[in-house]
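In our numbering, the protein residues as written are 41 to 443.
We treat Cβ as the ideally placed atom computed from N, Cα and C, and that holds for glycine.
Taking it in order: structure first as structure tokens, then the write-up.
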RNA sequence: GUGAGAUUAGCUCAGUUGGUUAGAGCACUGGUUUGUGGUACCGGGGGUCGCGGGUUCGAAUCCCGUAUCUCACCCCA
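Take a look at the structure:
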């Protein structure tokens, strides 16, 4: 038997119901905030992601589906959504056009990783990107939109906030952090020793308890912000408070990549495993420039749909549509004809086999039909039919031609 | 990439120290007087016990390999 590849799932039946319910909800809300859909290719030039995430990390090479295509182009399946949207933004010269541009997207992403809870090789993200606004009001609005989506879906969350500083204050902070960690001597774990070389900021969210104790008095990013970053962070908190959004400051919330600045946030759930982040985002004022565009401020978020799936509270299932059953063979073709007519306006379920009443009504219950009709010899003779409402149990006799 | 646990019917799982023809519940399908509601009763179909080797008179059961799933680490754009 041929099976799907590791970490790649089919979405059907109940999962599909949840999946589309999520997308419908998120789409409606994004549109209310003035966002427009953007579709970008699943396949991009590898250099796009090398440039955006940087070549040094594990990400490029190890965790991307990368290959040489038949035209000898170095390409890869997109591992995230932001880079493609930014590329499209620049390619369409919207950076030069100026003004604000707000996009939302959703679709499959690919990462060659060892699967675990809420972490697949092919997974789906929904995200938004806002270009051209440097006001911290936009950061707050993006957060509030995300909060709206989660609340509408009945998903409980905690919002964690941090500021990553900017090109003024971040490099200095990084230096002082490295100095501090080196001062801890041999006590730190092997992973942190490596992080000092590869990605020093990441020591802050080391899961080793010993390290966490050691870093308790490490310099905090939010205490090292320059004036502009500090003011914006204070404003952000104020705006969220004014709008009734609860948050907590997590000084260990970091991003590995250089192009992030100022606002960083994560929505986490306590109801799933170690992969507790359900959505994350922040400001990335330098990415457009990194990808050869005119410098343009930007802020956005992305959420992993699979990780949210089991947390979504689905609306109650309501009865819908018609079930038409045939009592005997002669009635089957009439049932088919009636169904075809009615399907112009309603959902209709039928069975091609003649069955007794009880079996048909079982079938109607199974598909959650709202109306139940039977065709037998009486109906054919009189050209009438009883339509039964399975919710309130009322019945109505109608002429077949009026159905 | 590292570590741990799992894999038996469509699903959830039993299966004794290795021993006849591998079971249950749910689901599916049909019937229980061919016209009014799901629950009751009776029947039916459905398994290469993940896959490949090995040990043994004999393997779902023991050993080795491998795939996949789950969980955690690494990483997390």
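Give me, in chain order, the residues of the same chain whose beta-carbon lies closer than 7 Å to that of residue 153; leave out the 5 immediate sequence neighbours on both sides.
Against the first chain, residue 153 aligns to sequence position 113. Around residue 153: 103, 159, 161.
On the CB-based measure, 16 or more other CB atoms within 10 Å of its CB, does residue 194 come out buried or exposed?
Locating residue 194 in the first chain gives position 154, where the first residue counts as 1. Under this definition residue 194 is an exposed residue.
How would you write the range of the alpha helix (DSSP H) that residue 312 sits in, first residue to last?
Taking the first residue of the first chain as 1, we reach residue 312 at position 272. No alpha helix (DSSP H) contains residue 312, which DSSP labels as neither H nor E.
So, using beta-carbon positions, are residue 445 and residue 305 closer together than 8 Å?
Residue 445 lies beyond the stretch modelled for the chain, which goes from 41 to 443, so this question has no answer here.
Mind the definition here: the segment 358–378 touches the segment 172–189 only if three or more C-beta pairs lie below 8 Å; say whether that holds.
no
What does a CB cutoff of less than 6 Å around residue 241 pick up in its chain, not counting 5 residues either side in sequence?
Here the question's residue 241 lines up with position 201 in the first chain. So the list reads 294, once near-sequence residues are dropped.
Taking the DSSP output, what are the residues bridged to residue 435?
The sequence position of residue 435 within the first chain is 395, counting from 1. Looking at the DSSP assignment, residue 435 forms a beta bridge with 428.
Among 114, 130, 406, which residue has its Cα nearest to the Cα of residue 337?
By one-based count along the first chain, residue 337 stands at place 297. Cα-wise, what sits closest to residue 337 is 130.
Using three-state DSSP, classify residue 272 as helix, strand or coil.
Along the first chain, one-based indexing puts residue 272 at 232. Residue state, collapsed to three classes: helix.
Suppose you measure from the CA of residue 125 to the CA of residue 298; what does that come to, to the nearest Å?
Sequence index remark: in the first chain, residue 125 carries index 85 (1-based). Sequence index remark: in the first chain, residue 298 carries index 258 (1-based). Approximately 18 Å, taken between the alpha carbons.
Measuring CA to CA, which of 117, 50, 290 is closest to residue 87?
Within the first chain, residue 87 is the residue found at index 47, counting from 1. The residue with the shortest Cα to Cα distance from residue 87 is 117.
When you compare each of 264, 263, 219 to residue 243 by their alpha carbons, which one comes out closest?
By 1-based counting over the first chain, the position of residue 243 is 203. Out of 264, 263, 219, 219 has the C-alpha closest to the C-alpha of residue 243.
Looking only at C-alpha atoms, which of 341, 62, 416, 347 sits nearest to residue 314?
Within the first chain, numbered from 1, the residue matching residue 314 stands at position 274. The option with the nearest alpha carbon to residue 314 is 347.
Pull up the distance between the alpha-carbon of residue 434 and that of residue 312, whole angstroms please.
Indexing the first chain from 1 puts residue 434 at position 394. Indexing the first chain from 1 puts residue 312 at position 272. Residue 434 and residue 312: Cα-Cα distance of roughly 45 Å.
Specify the secondary structure class of residue 179 as computed by DSSP and reduced to three states.
As a working mapping, residue 179 is identified with position 139 in the first chain. The answer is helix: DSSP assigns residue 179 an H, G or I state.
Have a look at residue 310 and residue 119 and give me their C-alpha separation to the nearest angstrom.
Here residue 310 is taken as the residue at index 270 of the first chain, counted from 1. Here residue 119 is taken as the residue at index 79 of the first chain, counted from 1. If I take the Cα positions, the gap works out to 26 Å.
Around the Cβ of residue 341, are there at least 16 other Cβ atoms within 10 angstroms (buried) or fewer (exposed)?
For this step, residue 341 is matched to residue 301 along the first chain. Buried, since its Cβ has 16 or more Cβ neighbours within 10 Å.
For residue 400, which of 387, 416, 189 has the nearest alpha-carbon?
As a first step, residue 400 must be located in the first chain, where it is residue number 360. It is 416.
I need the DSSP call for residue 350, collapsed to helix, strand or coil.
For the purposes of this step, residue 350 is taken as the residue at position 310 of the first chain. Here DSSP, grouped into helix, strand and coil, assigns residue 350 to coil.
Who are residue 344's beta bridge partners in DSSP?
As a position in the first chain, residue 344 is number 304, starting the count at 1. Per DSSP, 165.
Mark residue 421 as exposed unless 16 or more other C-beta atoms lie within 10 angstroms of its C-beta, in which case mark it buried.
For the purposes of this step, residue 421 is identified with residue 381 of the first chain, where counting begins at 1. Exposed, because fewer than 16 other Cβ atoms sit within 10 Å of the Cβ of residue 421.
Just how far apart, CA to CA, sit residue 393 and residue 372?
By one-based count along the first chain, residue 393 stands at place 353. By one-based count along the first chain, residue 372 stands at place 332. Whole-angstrom Cα-Cα distance: 7 Å.
Since residue 92 is in the beta strand (DSSP E), which residue starts that stretch and which ends it?
Within the first chain, the letter at position 52 stands for residue 92. No beta strand (DSSP E) holds residue 92; the alpha helix (DSSP H) holding it covers 86–93.
Taking residue 45 as the reference, which of 112, 110, 108, 155 has the closest Cα?
Taking the first chain and counting its residues from 1, the one referred to as residue 45 is at position 5. Nearest C-alpha to residue 45: 155.
How far does the beta strand (DSSP E) with residue 393 in it extend, from its first residue to its last?
Counting from one through the first chain, the residue named residue 393 turns up at place 353. Residues 388–394.
Going by DSSP, name the residue or residues bridged to residue 323.
Position 283 of the first chain, counting from 1, holds the residue named residue 323. The partner list for residue 323 (beta bridge, DSSP) reads 301, 339.
Quick check on residue 101: does DSSP put it in helix, strand or coil?
By one-based count along the first chain, residue 101 stands at place 61. Residue 101: helix per DSSP, three-state reduction.
What are the boundary residues of the beta strand (DSSP E) that residue 145 is part of?
As a first step, residue 145 is located in the first chain; it is residue number 105 there, counting from the start. 141–150 is the extent of the beta strand (DSSP E) around residue 145.
For the alpha helix (DSSP H) containing residue 365, name the first residue and the last one.
Along the first chain, read from residue 1 onward, the residue named residue 365 stands at position 325. No alpha helix (DSSP H) holds residue 365; the beta strand (DSSP E) holding it covers 362–366.
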